[in-house]
Structure formats: C-alpha cells, structure tokens
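Q: Structure incoming, see below.
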Amino acid sequence: AQSVTQPDIHITVSEGASLELRCNYSYGATPYLFWYVQSPGQGLQLLLKYFSGDTLVQGIKGFEAEFKRSQSSFNLRKPSVHWSDAAEYFCAVGAPQGAQKLVFGQGTRLTINP
Amino acid sequence: KAGVTQTPRYLIKTRGQQVTLSCSPISGHRSVSWYQQTPGQGLQFLFEYFSETQRNKGNFPGRFSGRQFSNSRSEMNVSTLELGDSALYLCASSPQGSFYEQYFGPGTRLTVT
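As you go down the protein sequences, you meet chains A and B in turn. Sequential numbering of the first sequence, starting at 2, is according to our numbering. Sequential numbering of the second sequence, starting at 95, is according to our numbering.
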C-alpha cells in the first residue's frame, strides 16, 4: 500500500528566504507524485505533479519539486517565499496501476515571518 | 468554467442523525472523488464515482455512502452520525481519462454535536 510521510508538521521561514518542504513516499514502483496547497477555509489547489520524465518539475506560484528515486523523495522548493505562501502543504501519491486514489501526507503548515 | 461547488458549506448535526452532502463537478468532468479531512487522520479517500458507478472505495464503514447522477453531480450520505464524523468533506472532479488531474471544491464543514 502507498504511504506518504511529511516529516515537518510546522515550518516557519522569513519572507524572502528559501523554502524546502520534505516528502517521502513508500510504494513498490514509481508512483505519480503531487503537491497541493490549502489556504484556510479553502479546498486544495494543485501546485505541481510528476508522472515521469524530467525529475525536476516546475509548478505554479514559483514552486518546483525534485523527484529522487534513490531517496523515495519528492521535496518541494521555492527560492524566495512571499507572505501569501503561508498555508498548509500536502504531498500526495497515486498509483499508476490498479485502484486510482490519492494518498496524502499529514501536511506541513507554513508560517511566514515578515 | 465554474469550479467545483459543494453545498452546504457548513452543517451542524446531532449524533445519530444522517446527513447528505452535495458536489457539482466542473462541467464536462465525469469523475467525482470524495475525501474526509480531520486534524487527527488527515486527508483520507472515501470513494470515487464515474458515470454513476462507484469505481474505488476507501476504508470507511458502510455508514458512508455515495451516489452519482446522470449529470455527474454527486452526493455523499453519512448515516447514524458519530462525533468522530466531524470533518471537512472535500470533493474533487477530474476529466475523463485523467483521474489524477483533480480539481477540488471548497469543502463542507460538518460538525456533529
């Protein structure tokens, strides 16, 4: 069964600083990988996804993520955060074969210091 | 195109009652998935409907059920509500042939007292 671990429950960074949110997954093969963002009182918005190919994926709002098969990781990065990036971030995996569903990590809450 | 809409946005029910939540997908989308989000368990997949048929189901008790209509609108029902059913219920729609291109609605916040 797939599982996703986001080791950091809460991260605080200063505005303008760089950001890296960690995500590790467990799956028998290479899964589909996703990052979503959720602002308070809102649904989830897809930031980026990885299905195959180039392991560095560009997303919306200046985010990128890198798939590292050897580390079973899919970390999210942004070179310079803005106050509007404060939100909760979820990593998710999906199975390319078999039952299709998204399995989410527990989320990382991002706080931005002015 | 209008996004995914969910009604109602907020709901308060009493333990033992039942509740029905509604989801209208993006026009043209035929797949609707439901998720439960709680502080303790996080985001968990409930079920997915495509063309009025349930294709996938998560690990939830039979009190949780759903259906999809011919216009792709979907409802989920929770019977005999328990306090632990308090959660944000999210639905997502996706276009045919692209299940993982999921667009989420704002959710229905259910509080069970």
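Just so it is clear, CB atoms sit at the ideal spot from N, CA and C, and this is done for glycine as well.
From the DSSP output, in three-state form, read off residue 177 (chain B) for me.
A: The residue given as residue 177 (chain B) occupies position 83 in the second sequence. Helix at residue 177 (chain B).
Q: Specify the secondary structure class of residue 62 (chain A) as computed by DSSP and reduced to three states.
A: Numbered from its first residue, the first sequence carries residue 62 (chain A) at position 61. Note: residue 62 (chain A) maps to helix in three-state DSSP.
Q: Let's test the definition: count the other Cβ atoms within 10 Å of the Cβ of residue 68 (chain A) and tell me whether it reaches 16, buried, or not, exposed.
A: Position 67 of the first sequence, counted from the start, is the residue given in the question as residue 68 (chain A). It is buried - the Cβ of residue 68 (chain A) has at least 16 other Cβ atoms within 10 Å.
Q: Is residue 159 (chain B) helix, strand or coil when you go by DSSP?
A: For the purposes of this step, residue 159 (chain B) is taken as the residue at position 65 of the second sequence. Note: residue 159 (chain B) maps to strand in three-state DSSP.
Q: Please name the residue, chosen from B:116, B:153, B:133 and B:112, that lies closest to residue 201 (chain B) on a Cα-to-Cα basis.
A: To locate residue 201 (chain B), count along the second sequence from 1; it is residue 107. Among B:116, B:153, B:133 and B:112, the Cα nearest to that of residue 201 (chain B) belongs to B:116.
Q: Ignore the nearest five residues each way along the sequence and tell me which others in residue 9 (chain A)'s own chain have a CB closer than 8 Å to its CB.
A: Position 8 of the first sequence, counted from the first residue, corresponds to residue 9 (chain A). Same-chain partners within the cutoff: 22, 23 and 109.
Q: Using the rule of at least 16 other Cβ atoms within 10 Å of the residue's Cβ for burial, across every protein chain shown, is residue 55 (chain A) buried or exposed?
A: Locating residue 55 (chain A) in the first sequence gives position 54, where the first residue counts as 1. Around the C-beta of residue 55 (chain A), fewer than 16 other C-beta atoms lie within 10 Å, and the residue is accordingly described as exposed.
Q: Among B:122, B:193, B:180 and B:172, which one has its Cα closest to the Cα of residue 135 (chain B)?
A: Taking the first residue of the second sequence as position 1, residue 135 (chain B) is located at position 41. The candidate whose alpha carbon is nearest that of residue 135 (chain B) is B:180.
Q: Counting only the same chain and skipping the five closest in sequence on each side, list residues whose C-beta sits under 8 Å from that of residue 137 (chain B).
A: Your numbering for residue 137 (chain B) matches position 43 in the second sequence. Hits under 8 Å: 129, 130, 131 and 184.
Q: Using Cβ-Cβ distances below 9 Å, what residues of the region 18-50 of chain A are close to chain B?
A: 33, 35, 37, 39, 42, 43, 44, 45, 46, 47 and 50
Q: Skipping 5 residues on each side, what residues in its chain have a beta carbon closer than 8 Å to that of residue 103 (chain A)?
A: The count along the first sequence starts at 1 and reaches residue 103 (chain A) at position 102. In its chain, beyond the 5 residues on either side, 35, 93, 94 and 95 have a beta carbon closer than 8 Å to the beta carbon of residue 103 (chain A).
Q: Between residue 194 (chain B) and chain A, is the shortest Cβ-Cβ distance under 8 Å, so that the two count as touching?
A: As a working mapping, residue 194 (chain B) is identified with position 100 in the second sequence. Residue 194 (chain B) counts as touching chain A.
Q: Any chance the region 139-150 of chain B sits against the region 158-178 of chain B, with 3 or more Cβ pairs inside 8 Å?
A: yes
Q: Please work out which residues of its chain come closer than 8 Å, Cβ to Cβ, to residue 182 (chain B), disregarding the five sequence neighbours upstream and downstream, and give them in chain order.
A: As a position in the second sequence, residue 182 (chain B) is number 88, starting the count at 1. Hits under 8 Å: 130, 131, 132, 201, 202, 203 and 204.
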